[in-house]
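Have a look at the structure below, then the notes.
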Amino acid sequence: MPEPSAPSPPVRGGEAGDPPIPECAPTVTEMHAAFARATTLCPDRFVVSSYRFAGHEVRLRIVGRDLAAQIGRPFAHLEINEKVSPTTHLTIDLWDEEETGIPCPVTSTDTFGSGWTIGNGLTTASPDGRYVGHQLRQSINWLDRKAQHVVGWTASSKQLSLYERGKPLHVLLSVWYNDRDVQMVHAGLVSKNGKGVLFPGMGGAGKSTSALACLCAGFDYLGDDYVGLQVLAEGSFVGHSLYNSTWLEPEHISHFPSLPPHAIPGTLPREEKSLVLLSHVLPKRLARSAPISVLALPRIVDTHATRFRPASKGEALLALAPTSMLALPFRTGVRGFERLARLVEHVPRYWLELGRDLSQIPRRVDELLAEVTG
Amino acid sequence: MLTLQARFRPNEKEVAAKVLDEEAIIINLSNGIYYSMDKVGGFLWAMVAEGHSLEEILAAIVARYDVSLEQARADIERLAAELLQENVVLASDHTPPPREHPEPRQKVAYESPQLNIYRDMGDLLALDPPMPGLEEIPWKEPAEGSSG
């Protein structure tokens, strides 16, 4: 049966029109061809949306309405309703096999004979570094760094893990961001009146608690575990929101009662925390970017009160660098370390000692901002 | 066996390091172990990074800090051995230019330098070896408005 010709796909806020399939490795070419077949066979399931990631225009084209909804939600606060310009900096093409009937043309990302296990997935790269592939349980995605194009397959949106639903394409986007000189760092970030407070720290330090406490008290929220760090030409620092997701830990449930009703529980054995998409809870308090005015290093202390005190540059670098450089999917090396060192040298830094009364956190952060910005 | 004529250089292939207000923060990017040294330790690392011999470092420390020659020598040899063992420094035969730092008017109080070693990330990396950093791509355009 001949395949029907595809009408123009429904587009929100942009112009229909496909970028040419880039000349690339055979595996990735097959993926692009499969995506094109999916768009042709299922034009009614083709969803296009536009975003701004760290100031760069991104176009998301997904065949599979459920998949589009799942992938789009963590980025909802970054969506734009402008016409897609010719200078799109990243195109992401994904299709859902269950919704389209188009299987993945490749069985694994192990095309180049080498791979690295990162978290639950396998990552590989071509010898020249142009192509980076990431494979999870039920998805395979490829990034072409030259063409700035992601193409990917998902077996079924219903089988996405909580991690994939909360941080879609995390590994590949960490590479793409780094190529744009935006470094993923392990930190929370909130802002008030356009002034950002970065909460760097190891797991369990209190980053999420601090960020969520501030969000619930009226601060703008940009992230509670990973944000993008950029150094501007004049030497100032900007933090970029990557996702609007947060993971709810058991102790958060009682402290932040507005969040649990929106919690999405995990279903897999390792999914102990629940996912909350803050675009469902407090959409107007989600910010895209904020200049970083102060570093607040959270540390849980056995007191009632929360207070802050100056931190040394070395202490700040020790709180920020190890996990930002070693625990993230993409290693930024010495250049990334130098960038973090510049941040702690030039931005005021304080310990934020978190006492048992979490309601004091936003007040202390307010005072901290007043202290550094005058 | 270490001699005072020994020189070292940071293992730049695997290590990133910075001294900030006499605090040295060192990260081994290949195995995830990271280190800190402050005060005398930070001063010592700065001199090691410049390529000075242990003898030159000893002379600078004794000139700057209120410490006996014997104590300073013992601490320097101990710390150098630790840094070598951790593969944070490598032997070097490069001789740097003479160090020109003004001596303080009054000697600074001395504390034996300690190499603080943190292995928590190293355990994590043992489970998930690092993905090599992808090289700068030759076609990359400089990011607008960014200074890297």
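So the sequence lines, in the order shown, correspond to chains A and B. For the first sequence, the working numbering gives the first residue as 135, with consecutive numbering after it. For the second sequence, the working numbering gives the first residue as -2, with consecutive numbering after it. Positions of the beta carbon are idealized from the N, C-alpha and C atoms, including for glycine.
For residue j and residue i, the rounded distance between their alpha carbons
i	j	result
residue 342 of chain A	residue 72 of chain B	41 Å
residue 338 of chain A	residue 177 of chain A	46 Å
residue 239 of chain A	residue 275 of chain A	12 Å
residue 328 of chain A	residue 211 of chain A	16 Å
residue 314 of chain A	residue 442 of chain A	34 Å
residue 30 of chain B	residue 16 of chain B	17 Å
residue 2 of chain B	residue 452 of chain A	32 Å
residue 77 of chain B	residue 106 of chain B	21 Å
residue 204 of chain A	residue 19 of chain B	49 Å
residue 181 of chain A	residue 175 of chain A	14 Å
residue 183 of chain A	residue 119 of chain B	41 Å
residue 432 of chain A	residue 112 of chain B	24 Å
residue 330 of chain A	residue 75 of chain B	43 Å
residue 214 of chain A	residue 413 of chain A	14 Å
residue 286 of chain A	residue 447 of chain A	42 Å
residue 392 of chain A	residue 110 of chain B	49 Å
residue 471 of chain A	residue 166 of chain A	36 Å
residue 38 of chain B	residue 466 of chain A	27 Å
residue 149 of chain A	residue 171 of chain A	Because the pLDDT of residue 149 of chain A is 35, which lies under 50, any placement of that residue in the model is unreliable, and the question is left without a value.
Cross-chain neighbours of residue i in chain B, by beta carbon under 8 Å
i	result
residue 447 of chain A	17, 18, 20
residue 159 of chain A	Those do not exist, as residue 159 of chain A stays about 15 Å from chain B at its closest Cβ, beyond 8 Å.
N-terminal and C-terminal residue of the beta strand (DSSP E) that residue i is part of
i	result
residue 28 of chain B	Segment: none, residue 28 of chain B is in no beta strand (DSSP E) and carries neither H nor E.
residue 427 of chain A	423 to 434
residue 410 of chain A	408 to 411
residue 113 of chain B	113 to 115
residue 364 of chain A	360 to 365
residue 88 of chain B	86 to 89
residue 335 of chain A	Per DSSP, residue 335 of chain A belongs to no beta strand (DSSP E) and is neither H nor E.
residue 444 of chain A	441 to 444
Whether residue i touches residue j by CB criterion (7 Å)
i	j	result
residue 197 of chain A	residue 173 of chain A	yes
residue 474 of chain A	residue 454 of chain A	yes
residue 48 of chain B	residue 4 of chain B	yes
residue 230 of chain A	residue 201 of chain A	yes
residue 450 of chain A	residue 478 of chain A	yes
residue 396 of chain A	residue 365 of chain A	no
residue 354 of chain A	residue 325 of chain A	yes
residue 261 of chain A	residue 351 of chain A	no
residue 305 of chain A	residue 257 of chain A	yes
residue 483 of chain A	residue 445 of chain A	yes
residue 209 of chain A	residue 312 of chain A	no
residue 225 of chain A	residue 193 of chain A	yes
Listed by chain order, chain A residues near residue i by CB distance under 7 Å
i	result
residue 29 of chain B	460
residue 35 of chain B	448
Chain B residues whose Cβ lies nearer than 7 Å to that of residue i
i	result
residue 479 of chain A	17
residue 451 of chain A	15, 17, 22
Where the alpha helix (DSSP H) through residue i begins and ends
i	result
residue 498 of chain A	494 to 507
residue 480 of chain A	467 to 480
residue 312 of chain A	304 to 313
residue 169 of chain A	160 to 175
residue 541 of chain A	Examination of residue 541 of chain A is not possible in this model, given that chain A is present from 135 through 508 alone.
Neighbouring residues, chain A, relative to residue i (Cβ below 8 Å)
i	result
residue 118 of chain B	456, 457, 460, 461
residue 54 of chain B	Here the premise fails: no neighbours, minimum Cβ distance about 20 Å.
Listed by chain order, chain B residues near residue i by CB distance under 9 Å
i	result
residue 361 of chain A	Ordered by position in chain B, no residue passes the 9 Å Cβ test against residue 361 of chain A, which lies about 16 Å from the chain.
residue 340 of chain A	Those do not exist, as residue 340 of chain A stays about 17 Å from chain B at its closest Cβ, beyond 9 Å.
residue 431 of chain A	Simply none; closest approach about 14 Å.
Within chain A, partners of residue i - CB distance below 9 Å
i	result
residue 26 of chain B	459, 460, 465, 467, 468, 471
*Evaluate contact between the region 269 to 282 of chain A and the region 383 to 392 of chain A, counting only Cβ atoms and requiring at least three cross-stretch pairs below 8 Å.*
no
_Cβ contact check for the region 255 to 270 of chain A and the region 316 to 335 of chain A: 3 or more pairs under 8 Å_ = no
*Say whether the region 404 to 422 of chain A touches the region 376 to 383 of chain A, bearing in mind that this needs 3 or more beta-carbon pairs closer than 8 Å, one atom from each stretch.*
yes
*Can at least three beta-carbon pairs, one atom from the region 359 to 374 of chain A and one from the region 1 to 12 of chain B, be found at a separation below 8 Å?*
no
*asked:* Within 8 Å, do at least three Cβ pairs link the region 53 to 70 of chain B to the region 488 to 501 of chain A?
replied: no
_Under 8 Å: do the region 183 to 197 of chain A and the region 158 to 167 of chain A share three or more Cβ pairs, one atom per stretch?_
no
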